[in-house]
Amino acid sequence: MSLLLCAEERLMQCANCLIEHFPEQFVPTQNNTALFQQIQQDKDNLQSHIGKLGYGLCLSDFVFETMQKQPYFLLQCWENCPTFTDCDHYATNLQNILKEVETEEQLYRSLRQFRAREMAKLSLCQSLNLATVEEIFIRLSQLAESLIIAARDWLYDQTCKELGTPTDAQGNAQKLYILGMGKLGGFELNFSSDIDLIFTYPTNDGETQGGRRSIENSKFFTRLGQRLIRALDEYTADGFVYRTDMRLRPFGESGALALSFNAMEQYYQEQGRDWERYAMIKARILGADKRDANVQILQQLLRPFVYRRYIDFSVIQSLRDMKSKIAREIHRRGLIDNIKLGAGGIREIEFIVQVFQLIRGGREAILQQTSLLNLLPVLERLGLLNAEQKTNLHLAYLFLRRVENILQAINDKQTQTLPSTEKDRERLILATKNFTYFPIFTENEPKTTALIQYPIENWQQFLAVLHEHQQKVRSVFQSLIGEDTEEEEKNSTDDIWHDFLDADLSEQEIETLLQENQIDEQHFDEIIEKLIQFKLDLTRRSVGERGRHVLTQLVPMLFNQLFQYKNYLQLLPRMLKIVEKIVTRTTYLELLVENPQALTQLLKLCAKSKMIAEQVTKYPILLDELLDPNALLNPIDFHLYSSELHQYLRRLPSDDEEQIINGLRQFKQTTLLRVAAADILGALPVMKVSDHLTYLAESIIETVVNLAWQQVSLRFGIPEYLDKQQKGFLVIGYGKLGGIELGYKSDLDLVFLYDGNQTGQTIGGKKSIDSNQFYLKLAQKIISIFNMNTSAGILYNVDIRLRPAGDAGLLGCSLNAFENYQMNEAWTWEKQALVRSRVVYGDLALRERFDNIRQNVLSAPRDLLKLKQDIRDMREKMYQHLSKHQADKFNIKTDRGGITDIEFIAQYLVLAHAPANPTLTHWSDNVRIFDSMAESAVIPQETSEKLKKCYVNLRNQIHHLHLLGKDPIIETQKFHDERNFILDIWKNLLE
13 MSLLLCAEER LMQCANCLIE HFPEQFVPTQ NNTALFQQIQ QDKDNLQSHI GKLGYGLCLS
73 DFVFETMQKQ PYFLLQCWEN CPTFTDCDHY ATNLQNILKE VETEEQLYRS LRQFRAREMA
133 KLSLCQSLNL ATVEEIFIRL SQLAESLIIA ARDWLYDQTC KELGTPTDAQ GNAQKLYILG
193 MGKLGGFELN FSSDIDLIFT YPTNDGETQG GRRSIENSKF FTRLGQRLIR ALDEYTADGF
253 VYRTDMRLRP FGESGALALS FNAMEQYYQE QGRDWERYAM IKARILGADK RDANVQILQQ
313 LLRPFVYRRY IDFSVIQSLR DMKSKIAREI HRRGLIDNIK LGAGGIREIE FIVQVFQLIR
373 GGREAILQQT SLLNLLPVLE RLGLLNAEQK TNLHLAYLFL RRVENILQAI NDKQTQTLPS
433 TEKDRERLIL ATKNFTYFPI FTENEPKTTA LIQYPIENWQ QFLAVLHEHQ QKVRSVFQSL
493 IGEDTEEEEK NSTDDIWHDF LDADLSEQEI ETLLQENQID EQHFDEIIEK LIQFKLDLTR
553 RSVGERGRHV LTQLVPMLFN QLFQYKNYLQ LLPRMLKIVE KIVTRTTYLE LLVENPQALT
613 QLLKLCAKSK MIAEQVTKYP ILLDELLDPN ALLNPIDFHL YSSELHQYLR RLPSDDEEQI
673 INGLRQFKQT TLLRVAAADI LGALPVMKVS DHLTYLAESI IETVVNLAWQ QVSLRFGIPE
733 YLDKQQKGFL VIGYGKLGGI ELGYKSDLDL VFLYDGNQTG QTIGGKKSID SNQFYLKLAQ
793 KIISIFNMNT SAGILYNVDI RLRPAGDAGL LGCSLNAFEN YQMNEAWTWE KQALVRSRVV
853 YGDLALRERF DNIRQNVLSA PRDLLKLKQD IRDMREKMYQ HLSKHQADKF NIKTDRGGIT
913 DIEFIAQYLV LAHAPANPTL THWSDNVRIF DSMAESAVIP QETSEKLKKC YVNLRNQIHH
973 LHLLGKDPII ETQKFHDERN FILDIWKNLL E
């Protein structure tokens, strides 16, 4: 009854929608009485047009929402309820629609709306039993294929217009070929399936022609693939087309998005794993044209990998392992309500059929097809299934797929779990009590449909039918695949972690292992949860036989060492994430197993640095950098960073901004990790660490400025008064950059200055502008490069608030204006900031001008009483604003007696004593400021040394806290003497 009421309510809402949007067809009468009376009379009569539509609307929220969003489509369905003959000609209809599409935004909208309409039609046909189960998922697959190919072709033409047409060495145009995997490849797509795709193209020996510049085929097809994925996968106001999964491609997520035929062949010959053979069984070239020679080449290339020429019993053990994986997953996750993954579910039927394909497909060519239902009678003819088994699997598959499609059609969501709501259960009962299907037939028999009926009137009867099918599938599964083999003998009875990866290892047994490692019992629950999740994640990863074997060696080695560290609670998740990342890259697993010292080194680094662990997790290739002891203990001279970076970027095309920016980020990450590792291993003291981090930043600043200059000057030319080697531009580093004291998480405080002595227009570009405007655009471009977020992250956070007039000031300022501001308008705190400033990029002559301005400003006469008051006021303001004081905690940076107080002391000493001795302005770093104060007898040598020691020790603590991913906050009793000393100095000097 509830669904009938739902049908009436939805029909009423649809009628009102039509009255609103199409008043000429639905002329409003008094309350539209006639129309609504017709609805009430016909809503429960499936023979009537309105009754059919209402029935389909009540079974699917998705259909109802689609019609509300697309009133014209609703009008069509209201006038003529769709039949199965309306669910066809997808490619032609799409082609006609896309002829009018001019932008990607229009493409997105057209694809999504078309998909929603056609899916709604198929849902109606499914609900009304107008097509068989097989016909529905074949149409779903054809619809998906048409949408994918139409999107590919439209985007291919668009990308060719932008980048040129990819060609082979002979100049023949190349196209993107798409392998549809899984159910899409087998014409068995679910109603709301993800789609698994692999992109490939004929040859990498070629480049684009007809574009502004030529690029390699690999780059063209990668960009095309990225655009295609976005076109299908991105969620917009119109929804999405298909959730797109590319993880089945060679090397998975870490592999190239699109590979050439040769690269594909080489991968599958040398590195293809058994699970990839299993997956490739259903691979099908979407939109394949039999006249296309490349289609034949690609099919012939893949076939030997999947199908061996002999009866391939070598794969049996791998298949048994996969069977055990299914059993473990069922047991662990309790998948009693999952019709796909649970015992006797869809996946077991697929597994049965594909096992025979893998083992015998090389000898029996008739098994080399993708459709499961077509294969069942073949397996019977070959004597691999008996008639009863074939029939049981056939009927179970139809029933389970019917249930799956009804579930997914409700809300267009990928689910295989039985519903818990009465409304959705009633939908399943109505939709599965009877439906049409194609009985198994021979080639000589006509293909006719039959009606299958089940005694389903309530939920218990539905479950009884479901469980009967599942039990029959499970029986065939167990009898054909065989029982589990006996466990192999243990390699080492002494290794307590040897059995950790066994599926039947219980929580109680894990607890025993932790007890043997003398782990604190209060941490048991947290650790066990992490370990169980780790095991669960591994079961979802296709490791392969070789990888599994190596993993069973690595995990015991890892845990035996890991739980010896005092901070095992922090180290455990870091290492588990690294293992999860490299678990499908067997080479890395073997590296750690065959080089125990390498594993020990990695543990040591990750124990002391969360940052290193995160970077290795994100970029496993960094293992090569981190595991070379000589490279870690002997970092290159930081003065060589500029030339090193230059060499690093030479391999990249000079006109590809995106690649250069990615290269900058990768160079920074690699170098940062080397410095952090050298810091942890004791090869670098804290001051040297800051030197490395500072000069790394300077080398990157230099490259960014040059890149920005190249791009801005290409468009606008350069100021007419500049010589070829001049830029007339300075970058001033403030704060930790200016003080040569950068930390691992430091921002860059920058101010941009330019030579304002001369003015004029730019020359040599596409457009001439005023030179002042040129430098503003240069500054904007520099900031945008630093802030550009790529897959490798951003370069640095850049803070430009220290420029004259702060946020209200221009991004760039002339040297003359800067001097005038500093001498006449700057606040005391701005002069404090100037103490820690220096040129980090710029022409020599301008550097000297800035240094003179800085010295003149800092050594200008000032009222000492006012200076002290201003500094005290600023310190108090910062303390109130920045410090969240806790009685039992000490913020090393912002609390009293910490880093900020030392920095303020140094700044006060310079501003107070530079008027009498201008040479005191020379240094911008605190350590050398204190040295110069002692040399000039401003403070005693002993005081200088103690201030330096306090400063270095506090900074060292912050460095190591940052490596651990922690804030600079420690217990209040730490650094007690240092804090008291600093506060005494503060009182003596400033109070």
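In our numbering, the protein residues as written are 13 to 1003. Glycine residues also receive a C-beta, built at the ideal position from the N, C-alpha and C atoms. Everything numeric in this text was worked out from a predicted model, so none of it was measured.
So residue i and residue j are in contact, right, with Cβ under 8 Å, and what is the actual spacing, rounded?
i	j	result
lysine 352	methionine 193	Not confirmed; about 16 Å, so no contact.
aspartate 206	aspartate 257	5 Å
alanine 443	leucine 110	Actually they do not touch by this definition, with Cβ atoms about 34 Å apart.
serine 621	leucine 975	4 Å
glutamate 200	phenylalanine 149	5 Å
glutamate 538	leucine 581	7 Å
serine 204	glutamine 420	4 Å
Answer with buried or exposed for residue i, where buried requires no fewer than 16 other C-beta atoms within 10 angstroms of its C-beta.
i	result
leucine 827	buried
histidine 893	exposed
aspartate 169	exposed
tryptophan 90	buried
arginine 289	buried
lysine 986	exposed
arginine 413	buried
isoleucine 633	exposed
tyrosine 707	buried
lysine 748	buried
phenylalanine 198	A quick correction: the sequence has glycine, not phenylalanine, at residue 198. So glycine 198 ends up on the buried side.
lysine 547	buried
proline 35	exposed
histidine 971	buried
arginine 261	buried
glutamine 308	exposed
tyrosine 247	exposed
glutamate 498	With a pLDDT of only 40 at glutamate 498, under 50, the local geometry of the prediction cannot be trusted, and no value is derived from it.
Note the first and the last residue of the continuous alpha helix (DSSP H) segment covering residue i.
i	result
leucine 16	14-33
lysine 793	783-799
lysine 425	Run containing lysine 425: none; DSSP gives neither H nor E here.
tyrosine 290	286-292
What are the start and end residues of the beta strand (DSSP E) that includes residue i?
i	result
proline 952	No beta strand (DSSP E) holds proline 952; DSSP gives it neither H nor E.
isoleucine 982	981-983
tyrosine 189	189-192
phenylalanine 862	Segment 856-870 is the alpha helix (DSSP H) holding phenylalanine 862; no beta strand (DSSP E) there.
proline 316	From DSSP, proline 316 is part of no beta strand (DSSP E) but of the alpha helix (DSSP H) over 305-318.
alanine 462	462-465
Give the secondary structure of residue i by DSSP, where H, G and I count as helix, E and B as strand, and everything else as coil.
i	result
cysteine 825	strand
tyrosine 120	helix
isoleucine 358	helix
aspartate 913	helix
alanine 270	strand
phenylalanine 987	coil
phenylalanine 741	strand
leucine 1001	helix
phenylalanine 1004	Look at the range of the chain in this structure, 13 to 1003, and you will see that residue 1004 is not part of it.
isoleucine 297	strand
glutamine 773	strand
arginine 235	helix
arginine 887	helix
proline 262	coil
glycine 68	helix
glutamate 228	strand
aspartate 257	strand
phenylalanine 811	It should be noted that the sequence gives aspartate, not phenylalanine, for residue 811. Reduced to three states, the DSSP call for aspartate 811 is strand.
Check the Cβ-Cβ distances between residue i and every residue of chain B, and say whether any is below 7 Å.
i	result
leucine 525	Looking for chain B here will not work: only one protein chain is present.
> Could you give the uninterrupted runs of the alpha helix (DSSP H) lying entirely in the stretch 567-653, keeping only those of 4 residues or more?
Replying inline: 580-594, 598-606, 608-620, 622-630, 635-638, 641-645
>> In chain order, what are the residue ranges of uninterrupted alpha helix (DSSP H) at least 4 long that sit wholly in the stretch 169-224?
In response: 194-197
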